[in-house]
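A short worksheet on the structure shown next.
Numbering (this note's numbering), first residue to last: 13 to 143.
See below:
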């Protein structure tokens, strides 16, 4: 099969931190982290607003989130650190749900690489799902 067609790709700078229940910290700090990431993503999505307005959120999509981190996370930590991003993609109408593929029709892939000079997340959204 061929690679799903690229709809848009954007890099959102910012520190990626683990935000799960195992980490010490107040609910306020965790909520602030989520809100800050959601605001950053929303600002960077404004560039693609004309395209996003035409997208049907229910059409199957592949979303790739690639985190540039200072140190690598384990799988649970990476999921927790990137959780605010699929949430805001739902709120902005890019995807209809961030539930698993069988329930939502969307495939959300998460990856990471060490890049201490340019921390942040690359969001790559493609039309269709290719397993």
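Every residue gets a Cβ at the ideal spot worked out from N, C-alpha and C, and that includes glycine.
Keep in mind that this is a model prediction, so the values were computed, not measured.
- Within the stretch 81-110, no complete beta strand (DSSP E) segment of 3 residues or longer occurs.
- Taking a 10 Å sphere around the C-beta of residue 98, we find 16 or more other C-beta atoms and assign the residue as buried.
- Residue 17 has its alpha-carbon roughly 7 Å from the corresponding atom of residue 140.
- Here the stretch 112-124 does not lie against the stretch 52-64, with fewer than 3 beta-carbon pairs under 8 Å apart.
- Distance check between residue 81 and each of 136, 135 and 129 places 129 closest, using alpha-carbon atoms only.
- Checking the DSSP bridge columns, you'll see residue 137 partnered with 20 and 75.
- Non-local beta-carbon contacts of residue 75 in its own chain, meaning distances under 6 Å to residues more than five positions away in sequence, involve 120 and 137 in chain order.
- Using a 10 angstroms sphere on the CB of residue 93, the tally of other CB atoms reaches 16 or more, which defines it as buried.
- In its chain, beyond the 5 residues on either side, 24, 25 and 26 have a beta carbon closer than 8 Å to the beta carbon of residue 52.
- Cβ-Cβ separation between residue 50 and residue 100: approximately 4 Å, consistent with a contact (criterion under 8 Å).
- Residue 104 sits close to residue 54, with the two beta carbons spaced by under 8 Å.
- Counting along the chain, the unbroken alpha helix (DSSP H) around residue 50 starts and ends at 39-57.
- As the crow flies, the alpha-carbon of residue 117 is around 7 Å from that of residue 73.
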